[in-house]
Amino acid sequence: MIKKILVEDNIATPPNRLWLILTMPAEVRRWFGAGEVTFEPRLNGEVRFRWTSASTKGQIVLWAPPTIFAIQFTPGARVEFWCDPLETGTRLVISSTVEGNDPAQAAELLNTWSACLDRIKARADLPKG
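The sequence shown runs 5 to 133 under our numbering.
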């Protein structure tokens, strides 16, 4: 069984600026919360997150700047970032899918992506530069 987690919000920053926050390796380190991050911003680019006690890696399988990109971590674990332009900024939708029917895992994913969204919004609120 595949479970889908969605978090979304309107962010008062233009799509191109939000795209840079989502895809520049130095920015990804800030909003993802991992100790070490490898992020190659391109189709088939490597993605790796490493914490003190765990790590995960994936590959960028969809790349359409500045609208959408997707990372495949395992056959059943994928995350997509959608940037939809609005008059007042950008609608960001983070969609995460995972195999299994474990409610605790789904709750953990929801908490993880909600925290990431909060950090992304905080980065977008900072002045450019």
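C-beta: ideal position from N, C-alpha, C; glycine also. This structure is a prediction, so every number in the text was calculated from the model and none was measured.
Three-pair Cβ contact test at 8 Å for the stretch 114-125 versus the stretch 33-41:
They touch, by the three-pair rule.
Simplified DSSP state of S118, which is helix, strand or coil
S118: helix per DSSP, three-state reduction.
Are the stretch 124-131 and the stretch 40-48 in contact at 8 Å, needing three or more beta carbon pairs?
no
Excluding the 5 residues preceding and the 5 following T101 in the sequence, name in chain order all residues of the same chain whose CB lies nearer than 6 Å to its CB.
I6, K8 and R82
For T94 versus L22, is the C-beta distance shorter than 8 Å?
yes
Counterpart residues of W35 in DSSP-defined beta bridges
DSSP lists no partner for W35.
Measuring CB to CB, does V41 end up less than 8 Å from I75?
no
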